[in-house]
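FYI, in the numbering used here the residues of the sequence shown are 171 to 450. Below is one structure; the comments refer to it alone.
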Amino acid sequence: MQTRKRGELIMGNYIVCILLFCFLCPATSFSSDVLTGSGCSVSTTGYLIDLAKEYEKETGVKMHIMGGGSPRGLADLSAGSVDFSAACKGKTPKDPDDIEFVQVAWDALVFIAHKSNPVNSITQMQVRDIYAGQIDNWKQLGGPDMKLVSFISADSMGGVGQSLTNMVLNGKTPEMKGNSSKQASSAAIWEQLVEKTPEGFATTGFSSARKRNVKMLRVNSIKPTKENIVSNKYPLKRPLYLVIKKNASAKTKRFIDYVLGPKAQKLIASYGSIALAEIK
């Protein structure tokens with residue numbers, strides 16, 4: 171009997187210790203100090219994953235970043251499954267009213283081909299012809315006689331797809347033309363497909379393409395370099411956003427403030443992406 175009572179006393183003290191630990195332990199030990207984000211693969215690959223690691227190191231907040239494309243990020247945000255999303259498109263009338271787009275960096279549309287492809291330059295008119303199905307062989311661009319396989323967004327409302335439509339295609343949606351076009355869900359996927367496909371072609375963002383083993387084509391003879399984008403010589407620059415709910419939590423707003431701050435902006439520039447202040 172005494173042994174039983176002693177065991178009950180020990181167990182009771184153990185439970186009290188656990189409760190005291192839970193009460194006294196600082197908030198950094200709990201899942202409330204986790205931030206999650208998803209969305210634009212150009213942003214996540216280009217700067218956001220690296221920046222999130224730095225923020226985690228500085229603050230102890232655990233950062234979980236996923237790609238998937240701008241539409242997925244916005245859907246995740248609306249569903250409440252992430253704290254913020256990354257987008258390489260601006261707000262449209264179809265987007266919910268309760269979200270806020272915050273520009274945090276710059277990017278540019280680029281057109282990519284396989285490293286082995288001898289074609290080095292393309293015009294915006296030729297890009298329009300590719301997406302209209304009028305150019306379907308690299309020979310038409312001064313290259314070898316091989317089929318041009320265009321990897322395009324499965325969602326015309328994606329960040330790259332929307333930028334392409336508005337900035338290059340005069341409001342028209344890229345068309346699927348038989349075997350010459352293949353759909354993919356995000357820029358990260360079609361960048362990887364072009365890496366592996368000698369006849370491949372795609373539109374993506376400078377911030378992520380520069381990290382891939384692909385050839386970024388000159389546009390109207392202008393090479394897509396950071397210097398040319400910043401100086402406005404290269405014509406297709408566009409903003410990159412982080413998107414939050416208007417009633418976002420304090421921890422989410424602190425992260426946005428951090429990204430807009432001078433240290434994070436310098437880090438974005440150091441990663442090879444384009445900070446806000448670099449374009450006047």
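Glycine included, every Cβ here is placed at the ideal spot set by N, Cα and C. None of the values given here were measured: they were computed from a predicted structure.
Ordered along the chain, which non-local residues of its own chain (more than five positions away) have a Cβ less than 7 Å from that of glycine 312?
-> Excluding the 5 residues flanking it on each side, glycine 312 has same chain C-beta neighbours closer than 7 Å at Val289, in chain order.
Mind checking who valine 319 pairs with in its DSSP beta bridge?
-> Its beta-bridge partners are Gly370.
For leucine 194, which residues from the same chain have a beta carbon less than 8 Å from its beta carbon, with the 5 sequence-adjacent residues on both sides left out?
-> With a pLDDT of only 37 at leucine 194, under the threshold of 50, the placement of this residue in the model should not be trusted, and no figure is reported.
Selection from Ile359, Glu345, Pro368 that minimises the alpha carbon distance to lysine 385 = Lysine 385 has its Cα closest to that of Pro368, out of Ile359, Glu345, Pro368.
Is it true that the CB of alanine 256 sits closer than 7 Å to the CB of glycine 216?
-> No Cβ-Cβ contact shorter than 7 Å links glycine 216 with alanine 256.
So alanine 275 and alanine 445 are in contact, right, with Cβ under 8 Å, and what is the actual spacing, rounded?
-> About 6 Å separates the Cβ atoms of alanine 275 and alanine 445, confirming a contact at the 8 Å cut-off.
Enumerated in chain order, which unbroken segments of the alpha helix (DSSP H) with a length of 4 residues or greater are wholly contained in the segment 399 to 437?
-> Within the segment 399 to 437, the complete alpha helix (DSSP H) runs of at least 4 residues are 420 to 430.
Below 6 Å CB to CB, which residues in the same chain sit around serine 286 once its five sequence neighbours on both sides are set aside?
-> A distance below 6 Å between beta-carbons, with the five flanking residues on each side excluded, links serine 286 to the following residues of its chain, in chain order: Pro368.
Residues bridged to serine 208 by DSSP?
-> For serine 208, DSSP records a beta bridge to Ser255.
For isoleucine 449, which three-state DSSP category applies?
-> Coil.
Given a cut-off of 7 Å, decide if threonine 214 and aspartate 253 are closer than it, judged by their beta-carbon atoms.
-> Taking 7 Å as the Cβ cut-off, aspartate 253 and threonine 214 do not qualify as a contacting pair.
Taking lysine 416 as the reference, which of Ala434, Lys393, Ser248, Ser356 has the closest Cα?
-> Per the Cα distances, Ser248.
At what residues does the alpha helix (DSSP H) containing alanine 245 begin and finish?
-> 240 to 249 is the span of the alpha helix (DSSP H), which, as asked, contains alanine 245.
Can you tell me which of the three DSSP states serine 443 falls into?
-> Three-state result, serine 443: coil.
Label lysine 259 either buried or exposed according to how many other C-beta atoms from any shown protein chain fall within 10 Å of its C-beta, with 16 as the threshold for buried.
-> The residue in question, lysine 259, is buried, as its Cβ has 16 or more Cβ neighbours within 10 Å.
Expressed to the nearest angstrom, what Euclidean distance is found between the alpha-carbon atoms of glycine 238 and aspartate 220?
-> Approximately 17 Å between the Cα atoms of the pair.
With which residues is isoleucine 282 paired in a DSSP beta bridge?
-> In the DSSP output, where bridge partners are listed per residue, isoleucine 282 has Ala372, Met386.
Taking the alpha-carbon positions, what's the alanine 453 to alanine 420 distance?
-> Shown here, the chain extends from 171 to 450; a query on residue 453 therefore has no answer.
Bridge-paired residues (DSSP) for threonine 305 | With the sequence shown as reference, residue 305 is identified as isoleucine, and threonine is not the correct amino acid for it. For isoleucine 305, which the question treats as bridged, DSSP gives no partner whatsoever.
Reduced DSSP secondary structure (H/G/I, E/B, other) of glutamate 397 | For glutamate 397, the three-state secondary structure derived from DSSP is helix.
If you compare alpha carbons, which of Asp265, Lys232, Glu228 is closest to aspartate 246?
-> The closest CA to that of aspartate 246, considering only Asp265, Lys232, Glu228, is found on Asp265.
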